[in-house]
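*Asks:*
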Amino acid sequence: MKLVNTKTIKPGAVLAQSIYNENGVVLISSGMSLTDKVIRRLINYGITYVYIEDERTKDIYVESLIPDKLRTEATRTIKDTFTEIKKQGIMEKSYILDKKGKELMDVVKKLTEEIKNNDQSLSMLTDIFLTDNYIFQHSLNVAIYSLAIGVNLNFTNKKLMDIGIGSLLHDVGKIFIEQDILQKPDRLSDEEFEIVKNHTVLGYRFLSKNGGVPSVVAHCAYEHHERLDGSGYPRGLVGNELHTYAKVIGVADVFDAVTSNRVYRDAMLPHEGLEILYAGAVHLFDKEMVEAFKKSIVVFPIGLSVELSDGRKGVVARQNQHLCDRPVIRVVKEKETEVAPYEIDLSKVLNLTIVSVMKD
């Protein structure tokens, strides 16, 4: 299979990986020959990349680190929790998290077990799930990334539980903000941006006065937009004034935001998102957290078309654990001429590098 941008798919291409909704129901089945209408449907769903069948890479397949059943369960739990909170509104005292806290903890335990017990690196592009609200999927992705960083940094089980719950609920304040502003396709006005920024305060106020989750979870919501140089919000904290969990979630939050499709822009590929984090390392983000994150993710996903430094072109066939930027490449072209496919392991051929990604 090969990973392609939905805007470059030609009619007649065959979908190689099914697309699901948040309840695990198949929306578009693998094996379907894509028509203009279906391709437009994919684009309208906000899907930037999909896997299609390809004769030269038909033996290349992708396995999801997080099982489909667990992803569906986790997304439904997040949605139910946020929906109940929104329905009840910000009150002096709420018992929703007393009821939902155990379910959230169960989700975190299961996610942590999958990450700890699996040698694969994370590749969220292989998880084609759609929800009716970006916040639900984003919250789950940020939790998975944050837990992966925590595992890499040898956090205790208690710390992993705290940061898992904190990351699942880091954006809870957004449910108290008008969706018209959150989903606005145009640039926000200064007034609208201030309203959006207030989600950190709203989330903190809600979580700090309600039981059912560890008290530090409130600070995950409060501080995940703070930055080391004081340029973040809401309080402009500097350096070690930020809680460790906020530093972790800040990295995970930014990466998922830029690699997810939004109403105002297409998703970046993982290597582009990682470049943003490295550009901000030291000044904006904790370098240790960024390094731990790099070790946890797939930078060049399986099926991605790439060009090597000597001009050869191919498709990422397999990953090398802990060497996220040096995968195995299935070469299909030499100097623009198609050749019989063969593989190069970049972990062993050190004079070659990936110099560009072909999105078509």
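The sequence shown begins at 0 in numbering that gives the first Met the number 0 and counts up one residue at a time. Glycine is no exception: its CB is placed at the ideal position from the N, C-alpha and C atoms.
1) Excluding five sequence neighbours on each side, which residues of the same chain lie with their C-beta closer than 7 Å to the C-beta of valine 354?
2) State buried or exposed for arginine 226, treating a residue as buried only when at least 16 other CB atoms are found within 10 Å of its CB.
3) Taking glycine 229 as the reference, which of Gly272, Gly279, Gly210, Ser207 has the closest Cα?
4) By how many angstroms is the C-alpha of arginine 234 removed from the C-alpha of valine 106?
5) Pick helix, strand or coil for tyrosine 60, following the three-state DSSP scheme.
6) Pull up the DSSP beta-bridge partners for lysine 246, would you.
7) Leaving out five residues on either side along the sequence, give the residues of the same chain with a beta carbon under 7 Å from the beta carbon of asparagine 350.
8) What runs of the beta strand (DSSP E), each 3 residues or longer, lie entirely inside the region 28-98?
9) Going by other Cβ atoms of all chains shown within 10 Å of its Cβ, with 16 needed for buried, is glycine 249 buried or exposed?
10) In three-state terms, what does DSSP make of serine 355?
11) Assuming isoleucine 162 and leucine 110 are in contact, meaning their beta carbons sit under 8 Å apart, how far apart are those beta carbons, in whole angstroms?
12) Between the beta-carbon of histidine 169 and the beta-carbon of histidine 223, is there less than 8 Å?
13) Secondary structure at isoleucine 200, three-state DSSP: helix, strand or coil?
14) Report the option in Ile275, Glu274, Gln136, Thr258 whose CA atom is closest to the CA atom of methionine 267.
15) Among the candidates Leu206, Ile59, Phe135, whose CA atom is the shortest distance from the CA of isoleucine 20?
16) Would you identify the three-state DSSP class for asparagine 140, choosing helix, strand or coil?
17) By how many angstroms is the C-alpha of phenylalanine 299 removed from the C-alpha of cysteine 219?
18) Can you find at least 3 beta carbon pairs, one from the region 290-297 and one from the region 2-10, that sit closer than 8 Å?
19) How about arginine 317 and valine 327: are their beta carbons less than 8 Å apart?
20) What is the rounded straight-line gap between the Cα of glycine 30 and the Cα of valine 49?
21) Assuming glutamate 52 and alanine 15 are in contact, meaning their beta carbons sit under 8 Å apart, how far apart are those beta carbons, in whole angstroms?
22) For methionine 160 and proline 213, what's the separation of their Cα atoms in angstroms?
23) Tell me which residue opens and which closes the beta strand (DSSP E) that valine 315 is part of.
24) Based on DSSP bridge pairs, tell me the residues matched to aspartate 185.
25) Roughly how many angstroms lie between the CA atoms of aspartate 126 and leucine 33, to the nearest whole one?
26) From the DSSP output, in three-state form, read off leucine 103 for me.
27) Are the CB atoms of serine 188 and serine 166 within a distance shorter than 8 Å?
28) Report, in whole angstroms, the separation of the C-beta atoms of leucine 139 and phenylalanine 175, which I expect to be a contact under 8 Å.
29) Short of 7 Å in beta carbon distance, which residues of its chain neighbour lysine 173, apart from the five on each side in sequence? Order them along the chain.
30) When you compare the CB positions of valine 150 and lysine 108, do they come within less than 8 Å of one another, or not?
31) Lysine 85 to aspartate 265, Cα distance in whole Å?
32) What is the DSSP secondary structure of valine 212, reduced to helix, strand or coil?
33) Kindly identify the DSSP beta-bridge partner or partners of leucine 227.
34) Do valine 61 and isoleucine 301 have their CB atoms nearer than 8 Å?
35) Can you tell me where the alpha helix (DSSP H) with glutamate 271 in it begins and where it stops?
36) Which residue's Cα is closest to the Cα of phenylalanine 254: Met104, Ala142, Glu112?
*Replies:* By the coordinates alone:
1) Glu306, Leu307, Ser308
2) buried
3) Gly279
4) 31 Å
5) coil
6) Bridge partners of lysine 246: none, in fact.
7) none
8) 48-51
9) buried
10) strand
11) Not confirmed; about 11 Å, so no contact.
12) yes
13) Before going on, a small fix: residue 200 reads as valine here, not isoleucine. If DSSP states are grouped into helix, strand and coil, valine 200 belongs with the helices.
14) Thr258
15) For the record, residue 20 in the displayed sequence is asparagine; it is not isoleucine. Looking at the Cα atoms, Phe135 is the closest of the given residues.
16) helix
17) 29 Å
18) no
19) yes
20) 13 Å
21) 5 Å
22) 9 Å
23) 312-317
24) Answer is none; aspartate 185 lacks a bridge partner.
25) In this prediction, aspartate 126 has a pLDDT of 49, which is less than 50 and means its spatial position is unreliable; what the coordinates show is noted afterwards. The alpha-carbon atoms of aspartate 126 and leucine 33 are separated by roughly 19 Å.
26) helix
27) no
28) Contact doesn't hold; Cβ gap of about 20 Å is too wide.
29) Ile134, Leu181, His198
30) no
31) 28 Å
32) coil
33) Bridge partners of leucine 227: none, in fact.
34) yes
35) 269-279
36) Ala142
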